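Protein chains in written order, with the numbering used here: chain F, -15 to 210; chain B, 3 to 111.
Glycine included, every Cβ here is placed at the ideal spot set by N, Cα and C.
This structure is a prediction, so every number in the text was calculated from the model and none was measured.
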Ligand SMILES: Nc1nc2c(ncn2[C@@H]2O[C@H](COP(=O)(O)OP(=O)(O)OP(=O)(O)O)[C@@H](O)[C@H]2O)c(=O)[nH]1
Ligand SMILES: [Zn+2]
Ligand SMILES: [Zn+2]
Ligand SMILES: [Zn+2]
């Protein structure tokens, strides 16, 4: 009997589910994780606001990183532009158009893996849809989550999107080459990130100039051999 | 709006788990720290449930409050927000409650 909302009457019956809303997604994410682990593939879920520099980072990484083969899954709401940019830099890519959806889920990712067939012992990037809200809720089966922010956004981003920053294994602060031109409080950003996620590693980066890129490759190398 | 995807997951999960032709009510728990807005789920629900066995179902949502335990001093505190400062000054809080996103029961008949 339903005691809370008065919906029940004599003919009705209560079925107890006690089930996580995202149970199905989480199950599929675990299956992805197992599939990847048996092949030694390190999957990195890259998340950010639109335009923080995800595709730029991946394109540069594809040109320079040589400690492991790379592949990528591009989640885009409409176009295949990001995928084309990455392919140009020599990285095998599949594009998943999410249509109106604002995030990738574990089912889409399983389809992407089937189409991409990433090589054993590779690093597989997932460029999630540019949005700091819902990608945080959907496990894809990744080994690590990287949240990218840039100095052209507000330094209070971690406080506005605590779920996303809390879920991060690494926070990258991109476009630091622009710091002389913008009013961005780096220390305040790092404080905010560590409020959302105590102890999280925050790395400064400029994909354009290459400042901080070596630290990124070091981190990536650790992931590849984890 | 990610609540559309969440609501789709709710509708799919109920349809998978329940065989009865008419579903009258779905009871959900959406914690205050879950990052999901109950009103947005209500809004999406009609849209997503339309044309399914859930089309005339009511949605009943309870919203468990946030609770946490300070990892520095062990104090248990209320959490209004995912980022909360303990009286001892620490922000390193383990969430005990408030992140629920769960289908509790379904009323059929
Ligand atoms: N100054 C500067 N510009 C950058 C840097 N990294 C990326 N950009 C520029 O920022 C813009 C957006 O970069 P993208 O790589 O497309 O960003 P994205 O996160 O992939 O964007 P979406 O896929 O649309 O979410 C481009 O014009 C880049 O050239 C950087 O380190 N410094
Ligand atoms: Zn991109
Ligand atoms: Zn979404
Ligand atoms: Zn404390």
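| query | In the structure shown, what three-state DSSP assignment does residue 109(F) receive? | reply | strand
| query | By how many angstroms is the C-alpha of residue 37(B) removed from the C-alpha of residue 91(B)? | reply | 24 Å
| Is residue 68(B) helix, strand or coil by DSSP? | strand
| said: Beta carbons nearer than 7 Å to chain F: which residues of the segment 84 to 103 of chain B have them? | reply: 84, 85, 93, 94, 103
| request: Answer yes or no: the CB of residue 158(F) versus the heavy atoms of ligand 1, is any distance below 7 Å? | output: yes
| message | Are there any heavy atoms of ligand 1 lying less than 7 Å away from the beta-carbon of residue 52(B), as far as the coordinates show? | response | no
| said: Rounding to the nearest angstrom, what Cα-Cα distance links residue -11(F) and residue 109(B) in this structure? | reply: 11 Å
| query | If you draw a straight line from the alpha carbon of residue 18(B) to that of residue 169(F), how long is it in whole angstroms? | reply | 49 Å
| field | 7 Å CB neighbourhood of residue 131(F) in its chain, flanking five on each side removed | value | 31, 32, 148, 149, 152, 155
| task | Taking only the alpha-carbon atoms, compute the straight-line gap between residue 65(B) and residue 72(F) and give it to the nearest angstrom. | result | 48 Å
| request: Helix, strand or coil for residue 30(F), going by three-state DSSP, please let me know. | output: strand
| Using Cβ-Cβ distances below 9 Å, what residues of the segment 65 to 81 of chain B are close to chain F? | 73
| field | Span of the alpha helix (DSSP H), counted from its first residue to its last, around residue 81(F) | value | No alpha helix (DSSP H) contains residue 81(F), which is instead part of the beta strand (DSSP E) from 77 to 81.
| Chain-ordered neighbours of residue 33(B) on chain F, where CB pairs are closer than 8 Å | Under the 8 Å cutoff, chain F gives no residues; its nearest Cβ is about 11 Å from residue 33(B).
| message | For a quick check, are the C-beta atoms of residue 13(F) and residue 108(F) less than 8 Å apart? | response | no
| request: Along the beta strand (DSSP E) that carries residue 220(F), what are the first and last residues, could you check? | output: This structure leaves residue 220(F) out entirely; chain F is present only between -15 and 210.
| said: Tell me whether residue 72(F), by its Cβ, gets closer than 7 Å to a heavy atom of ligand 1. | reply: no
| said: Quick check on the contact list: which residues have their beta carbon closer than 5 Å to a heavy atom of ligand 4? | reply: 72(B), 74(B), 75(B), 77(B), 88(B), 90(B), 92(B)
| said: Less than 7 Å separating the Cβ of residue 141(F) from some heavy atom of ligand 5? | reply: Of the ligands this structure carries, namely ligand 1, ligand 2, ligand 3 and ligand 4, none is ligand 5.
| request: Answer with yes or no whether the minimum CB distance from residue 58(B) to chain C is below 8 Å. | output: In summary, chain C is missing from the structure at hand, where the protein chains are F and B.
| query | Does DSSP classify residue 48(F) as helix, strand or coil? | reply | helix
| message | Less than 8 Å between the beta carbons of residue 117(F) and residue 59(F), yes or no? | response | no
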